[in-house]
Amino acid sequence: MKYSTLEEKLIMPEYGRNVQRMVKFCIGIADREERTRCAQGIINIMGNMFPHLRDVSDFKHKLWDHLAIMSEFQLDIDYPYEIVKKENLYLRPEPLKYRKTKIKYAFYGRFLQETISKASEVEDEAERKQLVQQLVSQMKKSYMQWNRESVDSEKIFADLHELSNGKLSYDPAEFHLPENVKIVSPSKRPLNVRKFQKK
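Residue numbering for the sequence shown is 1488 to 1686, as defined by the numbering used here.
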């Protein structure tokens, strides 16, 4: 009996040892057309192992990449896709560049504050009023998620005036902010200790 620990290390264990052996056999086929047909059969088997991924757009492309990786890029066939290059296989992606600019109020978020800046440039009065109505509603919701308490509407209007550098004109009487909603989920009922006490 041969233990699996003594077997050759699998390159991609998720496909199992039998698929790895098929790939090794495929590499040894002399005829290129026959080798390509064999590779297509292996791809079909690999695809059947993960049927829930068939609807993924680049699923087939990934299978061919995996086949090339399992063959250690020794499988000389006509690939239907441009496969990953060996030298690029273990390259780390470049670190993401994050914005380092500070925002005035973190609880409103950068997107909302940028939207306020864009809204202040709108010239049409009716459109500007509609934007202000939507902005103050969203500002109040964002603020309530941050402090989980009641927020005065006047505070929202003051922040809007500040963040727009005084460019947004508004009348508090014209706007109706939504009532405070309960952000915190209702607390669970206290545990009934008597239920667990011995009789």
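Note that the Cβ used here is the ideal one computed from N, Cα and C, for glycine as well.
- Query: Considering only the beta carbon of each residue, do L1622 and A1606 sit closer than 8 Å?
  - Reply: Here L1622 is near A1606, since their CB atoms are less than 8 Å apart.
- Item | Closest residue to L1554 among I1590, L1647 and I1514 (Cα-Cα distance) | Answer by Cα proximity: I1514.
- Message: Taking the alpha carbon of D1563 as the reference point, which residue from G1534, K1584, D1518 and T1602 has its own alpha carbon closest?
- Response: Just measuring C-alpha positions, the residue of G1534, K1584, D1518 and T1602 sitting nearest D1563 is D1518.
- What are the boundary residues of the alpha helix (DSSP H) that includes K1572? K1572 -> no alpha helix (DSSP H), and no H or E assigned at all.
- Put E1641 into one of helix, strand or coil per three-state DSSP. In the structure shown, E1641 falls within a helical segment according to DSSP collapsed to helix, strand and coil.
- Query: Cα separation between L1497 and K1587?
  - Reply: Using only the alpha carbons, I get a separation of about 44 Å.
- Could you check the C-alpha separation between E1520 and A1526 for me, to the nearest Å? Each residue's alpha carbon lies about 10 Å from the other.
- Along the alpha helix (DSSP H) that carries Q1561, what are the first and last residues, could you check? Looking at the DSSP string, Q1561 is not in any alpha helix (DSSP H), and its letter there is neither H nor E.
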